[in-house]
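S.K.: When the letters of the sequence shown are read in order and numbered with UniProt numbering, they come out as residues 1 to 87.
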Amino acid sequence: MAIHALVNRKTKLGKKIGQSQKISVIEALKLYTTHAAYHSFDEKNLGAIEPGFLADMVVLGEDILTIPTEKIIDIPIDMTIIDGRII
C-alpha cells in the first residue's frame with residue numbers, strides 16, 4: 001500500500017495528491033530497505049539480501065518493477081519471511 005502511494009500519489013479513492021512528489025518504484029524500494037536500515041543504524045544487519053543479514057522479506061506474486069504502477073496495490077504476497085523463517 002505505501003509503495004503504491006509513493007509512486008502513484010493517489011488516495012484509496014483515486015484522488016490525486018502531491019503529483020510532483022511521485023518517486024520511482026526503485027526509489028520506493030530503497031526507502032523501505034537500504035535507507036530504512038541506515039536510518040535505524042542497522043545497515044550491517046538489515047536492508048539487503050546478503051550473507052549474514054537478517055532475512056526479513058516478502059516474496060511477491062508479481063514483478064513490482066514491470067507491472068503498471070497502478071497495479072502495485074493488487075500484487076499478492078506469496079510468502080513472508082522473518083528472521084529466515086517462513087511465517
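Using N, Cα and C, we set each Cβ at its ideal position, and we do this for glycine too.
All values reported here derive from a predicted model rather than from experimental measurement.
CA-CA distance, S69 and V25?
M.R.: For this step, residue 69 is matched to residue 69 along the sequence shown. For this step, residue 25 is matched to residue 25 along the sequence shown. Here residue 69 is Thr; the residue named in the question, Ser, does not match the sequence. If you take the alpha carbons of T69 and V25, they lie about 8 Å apart.
S.K.: Who does V59 pair with in a DSSP beta bridge?
M.R.: Start at 1 with the first residue of the sequence shown, and residue 59 comes out as number 59. Beta-bridge pairing links V59 to M79.
S.K.: Around the C-beta of L6, are 16 or more other C-beta atoms found within 10 angstroms, so that it is buried, or is it exposed?
M.R.: Indexing the sequence shown from 1 puts residue 6 at position 6. Classification of L6: buried, given that the 10 Å Cβ count is 16 or more.
S.K.: What are the partner residues of I86, as DSSP defines its beta bridges?
M.R.: The count along the sequence shown starts at 1 and reaches residue 86 at position 86. Its beta-bridge partners are I81.
S.K.: Please confirm whether I75 and I64 have their CB atoms less than 8 Å apart.
M.R.: By 1-based counting over the sequence shown, the position of residue 75 is 75. By 1-based counting over the sequence shown, the position of residue 64 is 64. Contact: yes.
S.K.: Quick one: is H4 buried, meaning 16 or more other Cβ sit within 10 Å of its Cβ, or exposed?
M.R.: What you label residue 4 is simply residue 4 of the sequence shown in a count that begins at 1. Result: buried.
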